[in-house]
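For what it's worth, our numbering labels the leading residue of the sequence shown as 27, then goes sequentially.
Worksheet: one structure, shown below.
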Amino acid sequence: MVASPTSTNGQSPKPDAEVIIQASKINKYYGERHVLKDVDLQVRKGEVVALIGPSGSGKSTLIRCLNGLEKHSSGEIYVLGRVMHPNTSHKELSLIRRDLGMVFQSFNLFPHMTVLQNVIEAPMLVRKMPKKNAIEMAEVLLAKVGLAEKKEAYPGQLSGGQKQRVAIARALAMQPQALLFDEPTSALDPELVGEVLKVMKDLADESMTMVVVTHEMQFARDVSCRVAFLADGHIVEEGEPHQLFSNPQQPRTKMFLERVL
Ligand code: ADP
Ligand code: MG
């Protein structure tokens, strides 16, 4: 039997699966402050990579560099073969960004637009999708995240968990090659975390390629193919979740896990 080219839970895709993101020796300075130090990261098609680490370790900076929201200072990032270096033009960056959906801690929905409008805006504007098609697609995506009934609601009328599910539908509407999440559940009341993680797990089960910055260790352990532990701007340790959580190799990783588990 031929192995599936994409992942299921906790399984890495075949080593020859297409590389979606390749970051090599990424450094990032804010003024004098060196916040990413020679970071290497590879994400293959179908993989779910969890980025964990203490506050201030550089997780958000890294994920923002990966989709060009933040300019790295040196090193190279390839997204589907397109190189992104510190001088990449705005036009080229926007092409790269189309392929990488981003979901933020703070949802970032347009407050004056309905849920449906939030989801159809980018596909119409950026992908030039006809409105009718965009609406059809948005309805499918909203059903997928369990919010078909809310399409005419405004963000202000939704719970945090619902807002985040709209944000995921909105990111998916651009038909990205990968989704990047920066602490998608950190702003939520605890009872709303599960509904968002459930949607993310469903996406992982469908082999969506994802990079997830998270403090949800259970999610990282159960859903990711690979976990990278960041501390002080370095990837200190990277491995399969089972190995990293139950048998961390580095003292820094051990210390962190003892505190959060
Ligand atoms: P994390 O997401 O892991 O909490 P961040 O990537 O947000 O960490 O931050 C890494 C380091 O970079 C921190 O020391 C933070 O204070 C610093 N930093 C982040 N953003 C900026 C910025 N825009 N200007 C200056 N320093 C920043
Ligand atoms: Mg952060």
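The beta carbon of each residue, even a glycine, is placed where N, CA and C say it ideally should be.
The DSSP-derived three-state label of glycine 127 is strand. Around the beta carbon of glutamine 143, 16 or more other beta carbons lie within 10 angstroms, which makes this residue buried. The beta-bridge partner set that DSSP reports for glutamine 48 consists of Gln68 and Tyr104. Using a Cβ distance threshold of 7 Å, valine 225 and valine 141 do not count as a contacting pair.
Taking a contact to require three or more Cβ pairs closer than 8 Å, the segment 125–133 and the segment 197–217 qualify as touching. As DSSP reads the structure, leucine 256 sits in a beta bridge with Ile261. Taking a C-beta distance under 7 Å as the contact criterion, valine 262 and alanine 76 do not qualify as a contact pair. For histidine 111, the secondary structure class from DSSP, reduced to helix, strand or coil, is coil.
In this structure, the straight-line span from the alpha carbon of leucine 167 to that of lysine 71 is close to 21 Å. Exclusion of lysine 170 from the 6 Å shell around the ligand MG follows from its C-beta lying no nearer than that to any non-hydrogen atom of the ligand.
Contact check for aspartate 215 and glycine 186: beta-carbon distance about 6 Å, within the 8 Å limit, so the pair qualifies.
In the DSSP assignment, isoleucine 78 is bridged to Phe255. For the options His98, Leu256 and Arg123, the alpha carbon positioned closest to that of proline 277 is the one of Leu256. With at least 16 other beta carbons inside 10 angstroms of its own, serine 86 counts as buried. Distance from the C-beta of serine 132 to the nearest heavy atom of the ligand MG is not below 6 Å. The DSSP assignment places complete beta strand (DSSP E) segments of no fewer than 3 residues inside the segment 167–243 at 204–208 and 236–239, in order along the chain.
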